[in-house]
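Q: Taken in order, the sequence shown gives residues 23 to 325; the numbers are from our numbering.
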Amino acid sequence: MDAGLQVRDLHVRYTDGTWALRGVDLDIGAGASVAVVGESGSGKTSLLKALLGLLPDGTEITGRATFAGHDLLAATPPERRRLLGSVVGYVGQDPYASNNPLLNVGRNVAESWRAKGLRVGAERIADTLQRLAIPEPRRTMQRHPHQWSGGMLQRGSIAAATALAPGLLLADEPTSALDAELADRCLDDLLSTAPTALVVTHDLRLAARHVDMIAVCYAGRLVEVGRRDALLDRPQHPYTRALLAALPVRGGGLPRPLPGTPPDLRAPDSGCAFAARCDCSVPACRSRVPSLVDGVACDAIAS
Numbered sequence: 023m024d025a026g027l028q029v030r031d032l033h034v035r036y037t038d039g040t041w042a043l044r045g046v047d048l049d050i051g052a053g054a055s056v057a058v059v060g061e062s063g064s065g066k067t068s069l070l071k072a073l074l075g076l077l078p079d080g081t082e083i084t085g086r087a088t089f090a091g092h093d094l095l096a097a098t099p100p101e102r103r104r105l106l107g108s109v110v111g112y113v114g115q116d117p118y119a120s121n122n123p124l125l126n127v128g129r130n131v132a133e134s135w136r137a138k139g140l141r142v143g144a145e146r147i148a149d150t151l152q153r154l155a156i157p158e159p160r161r162t163m164q165r166h167p168h169q170w171s172g173g174m175l176q177r178g179s180i181a182a183a184t185a186l187a188p189g190l191l192l193a194d195e196p197t198s199a200l201d202a203e204l205a206d207r208c209l210d211d212l213l214s215t216a217p218t219a220l221v222v223t224h225d226l227r228l229a230a231r232h233v234d235m236i237a238v239c240y241a242g243r244l245v246e247v248g249r250r251d252a253l254l255d256r257p258q259h260p261y262t263r264a265l266l267a268a269l270p271v272r273g274g275g276l277p278r279p280l281p282g283t284p285p286d287l288r289a290p291d292s293g294c295a296f297a298a299r300c301d302c303s304v305p306a307c308r309s310r311v312p313s314l315v316d317g318v319a320c321d322a323i324a325s
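#1: Considering only residues of the same chain and omitting the five flanking positions on each side of T197, which have a CB-CB separation below 6 Å?
#2: Could you give the first and the last residue of the continuous beta strand (DSSP E) run that contains V127?
#3: From A230 to L254, what does the alpha carbon distance come to, in whole angstroms?
#4: On the DSSP letters alone, give me the boundaries of the alpha helix (DSSP H) that D206 sits inside.
#5: Would you mind stating whether A54 and I236 have Cβ atoms separated by less than 9 Å?
#6: G248: which of D49, T81, G91 and D301 sits nearest, CA to CA?
#7: If I measure Cβ to Cβ from L226 and keep anything under 6 Å in the same chain, skipping five residues before and after, which residues do I get?
#8: Hey, would you say G85 sits closer than 9 Å to V46, going by beta carbons?
#9: Under 6 Å Cβ to Cβ from P285, same chain only, skipping five residues before and after it: list those, please.
#10: If I measure Cβ to Cβ from V109 and keep anything under 8 Å in the same chain, skipping five residues before and after, which residues do I get?
#11: Less than 6 Å between C-beta atoms, sequence neighbours within five positions excluded: which residues of the same chain meet that for L94?
#12: How about A52 and T262: are their beta carbons less than 9 Å apart?
#13: Taking the runs of the beta strand (DSSP E) that are 3 residues or longer, which of them lie wholly in the segment 158-202?
#14: Can you list, in chain order, the residues of its chain with a C-beta nearer than 6 Å to that of H259? Leave out the 5 residues immediately preceding and following it.
#15: By a C-beta neighbour count over all protein chains shown, 10 Å radius and 16 as the cutoff for buried, is H232 buried or exposed?
#16: So, using beta-carbon positions, are T184 and A144 closer together than 9 Å?
#17: Sort D316, I323 and V315 by Cα distance to S303 and report the nearest one.
#18: Where do the ends of the alpha helix (DSSP H) carrying S55 lie?
#19: Judging by CA-CA distance, which residue of T40, E82 and L77 is the nearest neighbour of S64?
#20: Between D149 and I180, how many whole angstroms is the CB-CB distance? I'm expecting something under 8 Å.
Dropping the structure here:
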């Protein structure tokens with residue numbers, strides 16, 4: 023039975039001494055979707071790139087990440103090429119950067135098959151695009167990326183990423199270049215094609231409308247993990263509450279900016295990284311790194 027994605031004790035340290043991730047554990051059950059949210063620099067994208075094997079040369083990576091019997095972190099370059107596309111799909115942030123501007127959209131999508139040495143006809147490509155509600159796909163796929171809107175082209179990128187029906191879909195800020203209405207539609211389309219999905223996003227409320235679970239990342243650690251409705255309605259960790267308070271709410275007054283600045287990620291790992299910005303810290307927060315217990319890593323709550 024497919025156990026989904028399991029990440030265990032994942033550490034990532036860049037060559038300049040920056041700890042991007044420190045001991046991340048994350049489970050995504052088969053058929054489930056999880057969004058990883060947090061500020062820029064919190065470690066979200068480093069997590070995704072570690073799973074994809076896209077971190078810079080010289081980066082220190084320890085831990086395990088298994089899916090469908092494969093250890094994604096230990097995979098050799100040839101093994102990774104076999105996995106990408108057929109076992110693990112990827113949707114990037116900028117659809118215009120993800121598509122070759124010299125090829126029409128149909129040929130860009132067809133690269134998913136060609137990369138595996140497979141031949142594909144125009145009808146199959148059109149069917150793949152039509153599945154994502156691309157209008158008149160036989161005609162529009164002849165256009166080049168710059169002739170498509172951002173929302174349509176991102177759906178084309180989703181079509182390419184899921185063409186070979188991978189069991190796991192990884193997406194890095196897939197809606198950041200879209201307006202609110204298109205972002206909702208695009209994320210819905212993305213998750214409808216993915217048996218198991220991990221989405222990195224800065225938009226907590228958008229994620230909560232679509233995914234099953236939310237994992238909140240801060241300074242390279244997961245500080246809260248829970249079901250989307252519970253986490254949105256009853257956030258436990260002070261950082262999660264601060265993130266929600268910083269979001270604009272119609273009729274809810276001005277958002278409250280998060281005080282302070284993120285910690286130096288090259289510094290030794292001691293105490294809770296959020297303690298200096300937290301209004302409810304206790305002495306233990308300065309001396310002990312809290313463990314994730316019942317979905318929350320906070321000694322102030324425990325006390």
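Beta carbons are placed, not taken as given, at the ideal position from N, Cα and C, and that holds for glycine.
A: Based on what the coordinates show:
#1: Taking the first residue of the sequence shown as 1, we reach residue 197 at position 175. Once the five neighbours on either side are set aside, the close Cβ partners of T197 are A205, C208 and L209.
#2: Residue 127 sits at position 105 when you count from the first residue of the sequence shown. Note, V127: premise wrong, no beta strand (DSSP E); alpha helix (DSSP H) at V127 to R136.
#3: Start at 1 with the first residue of the sequence shown, and residue 230 comes out as number 208. Start at 1 with the first residue of the sequence shown, and residue 254 comes out as number 232. Their backbone Cα atoms lie some 7 Å apart in a straight line.
#4: Sequence index remark: in the sequence shown, residue 206 carries index 184 (1-based). Its alpha helix (DSSP H) spans residues A202 to S214.
#5: If you number the sequence shown from 1, residue 54 lands on position 32. If you number the sequence shown from 1, residue 236 lands on position 214. No, these two residues do not count as a Cβ contact at 9 Å.
#6: For this step, residue 248 is matched to residue 226 along the sequence shown. Ranking the options by Cα distance to G248, first place goes to D49.
#7: Sequence index remark: in the sequence shown, residue 226 carries index 204 (1-based). Same-chain partners within the cutoff: V59 and L265.
#8: Here the question's residue 85 lines up with position 63 in the sequence shown. Here the question's residue 46 lines up with position 24 in the sequence shown. In contact: G85 and V46 (Cβ atoms closer than 9 Å).
#9: On the sequence shown, residue 285 is found 263 positions in, with the first residue counted as 1. The residues are A241 and A295.
#10: Counting from 1 along the sequence shown, the entry for residue 109 is found at position 87. Cβ within range, chain order: F89, A90, H92, P188, G189 and L190.
#11: As a first step, residue 94 must be located in the sequence shown, where it is residue number 72. Excluding positions up to five away in sequence, the list reads L73 and A87.
#12: The residue you call residue 52 lines up with position 30 of the sequence shown. The residue you call residue 262 lines up with position 240 of the sequence shown. Result no, Cβ atoms of A52 and T262 do not sit closer than 9 Å.
#13: 190-194
#14: As a position in the sequence shown, residue 259 is number 237, starting the count at 1. V245, E246, V318 and C320.
#15: Taking the sequence shown and counting its residues from 1, one reaches residue 232 at position 210. It counts as buried.
#16: The residue you call residue 184 lines up with position 162 of the sequence shown. The residue you call residue 144 lines up with position 122 of the sequence shown. Their beta carbons are not under 9 Å apart, which means T184 does not touch A144 by this criterion.
#17: Taking the first residue of the sequence shown as position 1, residue 303 is located at position 281. Measuring from the Cα of S303, the nearest candidate turns out to be I323.
#18: Locating residue 55 in the sequence shown gives position 33, counting from the first residue. No alpha helix (DSSP H) contains S55, which is instead part of the beta strand (DSSP E) from S55 to V59.
#19: The residue given as residue 64 occupies position 42 in the sequence shown. It is T40.
#20: To locate residue 149, count along the sequence shown from 1; it is residue 127. To locate residue 180, count along the sequence shown from 1; it is residue 158. Going by Cβ atoms, the distance from D149 to I180 rounds to 14 Å, so no, they are not a contact pair.
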